[in-house]
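Before any comments, here is the structure.
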Amino acid sequence: MPRERERTIFLVDGQSFYASVEKAARPELKSKPIAVGDPARKSGIILAACPIAKSRGVTTAERVGEALAKCPDLVVIRPRMQRYITISLLITQIFESFTDLVEPYSIDEQFLDVTGSLSLFGSPDEIARQIQAQVLASTGVWSRVGIGPTKILAKTATDNFAKKRPDGIYRLGPENIEKDLWSLPIHQMFMVASRMTRHFIRMGLPTIGDVARLDLGEFKRRMRREMGKQSDIQAEYYWQTARGIDPSPVVPSIRGALKSVSHGKALRASLYRKLEDIEVVLLELVVEVCRRARRLGYQGRVLTVGAVETDGERVSGFSRQTTLPQPTSLTHEVAAAAQQLFEKYWGGLPVARLYVGITELSSDQTYQLTLFDNRPAAYALERATDMIKDRFGDAAIMRASSLLEAGVARERAGQIGGHFK
Numbered sequence: 001m002p003r004e005r006e007r008t009i010f011l012v013d014g015q016s017f018y019a020s021v022e023k024a025a026r027p028e029l030k031s032k033p034i035a036v037g038d039p040a041r042k043s044g045i046i047l048a049a050c051p052i053a054k055s056r057g058v059t060t061a062e063r064v065g066e067a068l069a070k071c072p073d074l075v076v077i078r079p080r081m082q083r084y085i086t087i088s089l090l091i092t093q094i095f096e097s098f099t100d101l102v103e104p105y106s107i108d109e110q111f112l113d114v115t116g117s118l119s120l121f122g123s124p125d126e127i128a129r130q131i132q133a134q135v136l137a138s139t140g141v142w143s144r145v146g147i148g149p150t151k152i153l154a155k156t157a158t159d160n161f162a163k164k165r166p167d168g169i170y171r172l173g174p175e176n177i178e179k180d181l182w183s184l185p186i187h188q189m190f191m192v193a194s195r196m197t198r199h200f201i202r203m204g205l206p207t208i209g210d211v212a213r214l215d216l217g218e219f220k221r222r223m224r225r226e227m228g229k230q231s232d233i234q235a236e237y238y239w240q241t242a243r244g245i246d247p248s249p250v251v252p253s254i255r256g257a258l259k260s261v262s263h264g265k266a267l268r269a270s271l272y273r274k275l276e277d278i279e280v281v282l283l284e285l286v287v288e289v290c291r292r293a294r295r296l297g298y299q300g301r302v303l304t305v306g307a308v309e310t311d312g313e314r315v316s317g318f319s320r321q322t323t324l325p326q327p328t329s330l331t332h333e334v335a336a337a338a339q340q341l342f343e344k345y346w347g348g349l350p351v352a353r354l355y356v357g358i359t360e361l362s363s364d365q366t367y368q369l370t371l372f373d374n375r376p377a378a379y380a381l382e383r384a385t386d387m388i389k390d391r392f393g394d395a396a397i398m399r400a401s402s403l404l405e406a407g408v409a410r411e412r413a414g415q416i417g418g419h420f421k
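Okay, here's the thing in structure tokens:
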């Protein structure tokens with residue numbers, strides 16, 4: 001049988017992605033240290049820092065106040081999450097002009113399988129340089145490209161080598177994995193954090209090569225002695241990672257069949273002691289869950305409501321389900337059931353987190369008519385509201401209860417994933 005052709009896979013990473021997008025939008029900041037965070041909150045964290053800021057000691061995830069203490073002339077820019085998502089999607093389109101096998105890994109990292117593109121666009125290095133040039137010209141973001149025959153080697157090549165090179169390109173494969181990768185300390189192996197590093201050090205395996213050179217059976221025996229009898233799957237994963245073994249393909253879509261639609265919100269427990277305040281947020285969560293379900297074309301039969309309660313000393317919580325009379329994504333039907341479920345199981349402590357979800361999903365193309373409710377009119381009204389929000393923003397129309405002090409919908413209307421749009 002003919003030998004299967006070795007794959008050529010890229011992991012393309014946008015350097016200091018959020019900060020690079022902001023610098024591209026503000027040329028006057030080109031030579032200045034900038035970071036993305038909330039300048040009004042010194043206790044907030046830095047989401048991204050440009051290379052100039054990093055050279056002065058600013059690090060991602062540190063407090064804004066700490067970063068300013070290190071770098072007094074640091075320009076802190078409020079994040080614009082919608083802008084970053086838009087740029088990320090534009091970059092995806094650039095990648096798709098080279099190959100249809102593009103798999104997003106995060107907002108600033110994507111896998112590309114360019115095996116079938118080599119005859120059209122040139123060698124892997126030539127394709128990488130073309131991608132870098134097009135992304136930079138279109139977005140102002142400099143890209144680093146890790147190249148390998150597997151996804152794990154492409155990712156490792158990016159994180160450990162391409163990010164440190166002026167040209168931002170590095171290939172890791174069978175010809176150099178032992179020389180370049182195996183000499184690295186174990187904490188630089190993919191998915192090895194501080195806790196796992198301590199396990200490996202205690203096992204006498206301080207480098208990636210120490211794991212890779214072991215027979216798999218011997219490595220499993222060491223892992224069992226260190227971590228217990230249930231560690232065989234972990235052992236096989238780390239052993240394969242150290243050797244660059246990864247049979248998973250690059251797939252354009254990683255979403256499986258949708259099984260639930262849900263939404264949760266962390267709250268300041270001190271502000272949510274009374275039932276009437278908690279129910280304001282509960283209704284807002286139901287509104288969002290039902291709107292999202294209608295956007296996706298689903299309705300749910302089973303409702304889940306969960307909460308975490310605490311008074312600063314005691315902590316408790318619950319997650320309970322109920323079967324609805326019929327599948328629905330109508331806000332008033334779900335809200336009535338959610339309120340009953342919450343009141344039944346709430347222990348009376350201040351609420352620090354609320355959660356609402358629907359499962360047992362089915363298409364909303366057909367739904368059950370009822371004797372006393374005009375459900376077609378209710379769905380038409382909900383969809384009209386959805387269209388207004390889609391066109392003019394989430395805050396364009398909302399329930400009066402969200403204007404109360406307990407409401408969070410107005411604040412969230414200006415955010416994506418908890419960050420400013």
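In full-length UniProt numbering, the protein residues as written are 1 to 421. No residue lacks a Cβ here, since even glycine has one placed at the ideal position from N, Cα and C.
For residue i, does the count of other Cβ atoms within 10 angstroms reach 16, so buried, or fall short, so exposed?
| i | result |
| --- | --- |
| L341 | buried |
| D246 | buried |
| K151 | buried |
| G168 | buried |
| L172 | buried |
| N160 | buried |
| L403 | exposed |
| A25 | exposed |
| D100 | exposed |
| L216 | exposed |
| F372 | exposed |
| S329 | buried |
| L258 | exposed |
| Y237 | exposed |
| D73 | exposed |
| E222 | At residue 222 the sequence reads Arg, which differs from the Glu that was named. The residue is buried, with at least 16 neighbouring Cβ atoms inside 10 Å. |
| M1 | Residue confidence is low: M1 scores 39 on pLDDT, short of 50, so the model does not pin down where it sits. Its coordinate-derived value is still stated next. Result: exposed. |
| V315 | exposed |
| D364 | buried |
| R3 | In this predicted model, R3 has a pLDDT of only 49, less than 50, meaning its place in the structure is not dependable; the value taken from the coordinates is given anyway. Answer is exposed; the Cβ neighbour count stays below 16. |
| R80 | buried |
| E405 | exposed |
| K229 | exposed |
| R390 | It is Asp, not Arg, that sits at residue 390 in the sequence shown. Burial call: exposed. |
| T366 | exposed |
| A67 | buried |
| I77 | buried |
| M189 | buried |
| F392 | exposed |
| T86 | exposed |
Once the 5 residues before and after residue i are set aside, which same chain residues still bring their CB inside 6 Å of it?
| i | result |
| --- | --- |
| L153 | L172 and G244 |
| residue 424 | No answer is possible for residue 424: the residues shown for the chain start at 1 and end at 421. |
| G306 | S319 and Y355 |
| S12 | Residue identity check: residue 12 is Val in the sequence provided, not Ser. So the qualifying residues of the chain are Q110, S143 and V145. |
| I177 | G244 |
| A409 | E284, M398 and S402 |
| F17 | D108 |
| A335 | L283 and V286 |
Name, in chain order, the residues that DSSP records as bridge partners for residue i.
| i | result |
| --- | --- |
| D113 | I9 |
| T304 | Q321 and G357 |
| Y298 | S363 |
| T310 | V315 |
| I45 | R63 |
| I34 | V75 |
| T328 | G300 |
| G14 | S143 |
| V334 | Looking at the DSSP assignment, V334 forms no beta bridge with any residue, so it has no partner. |
| V351 | E309 |
Which residues in the same chain as residue i place their Cβ atom closer than 7 Å to its Cβ, once the five residues preceding and following it in sequence are excluded?
| i | result |
| --- | --- |
| T339 | The sequence shown places Gln at residue 339, rather than the Thr named in the question. Counting only Cβ-Cβ distances below 7 Å, and skipping sequence neighbours, we find E279 and L282. |
| I127 | F98, V114, S117 and F121 |
| L205 | I186 and V211 |
| V250 | I9, L101, E103, F111, L112, D113 and K151 |
| D19 | Reading the sequence as shown, one finds Ala at residue 19 and not Asp. The answer, listed in chain order, is I34, A35, V36, A48, A49 and C50. |
| Q130 | F121 |
| L90 | S138 and T139 |
| L29 | K23 and V75 |
| Y345 | F318 and R320 |
Which residues in the same chain have their Cβ closer than 8 Å to the Cβ of residue i, if we skip the five residues on either side of it in sequence?
| i | result |
| --- | --- |
| S43 | R63, V64 and G65 |
| Q368 | Q326, P327 and R375 |
| G347 | E309, S316 and F318 |
| E276 | A406 |
Inter-stretch contact (C-beta, 8 Å, three-pair minimum) for the segment 379 to 398 and the segment 317 to 326:
no
For the segment 68 to 150, which segments carrying the alpha helix (DSSP H) assignment without a break, of at least 4 residues, lie completely within its bounds, in sequence order?
81 to 96, 118 to 121 and 124 to 139
Curious, which full-length alpha helix (DSSP H) runs of at least 4 residues does the segment 234 to 300 contain?
275 to 296
Give, in chain order, every unbroken run of the beta strand (DSSP E) that is at least 3 residues long and sits entirely within the segment 162 to 220.
169 to 171
Segment contact flag, the segment 24 to 41 with the segment 49 to 64, C-beta cutoff 8 Å, min 3 pairs
yes
Within the chosen definition, does the segment 90 to 97 reach the segment 233 to 242 through at least 3 CB pairs nearer than 8 Å?
no
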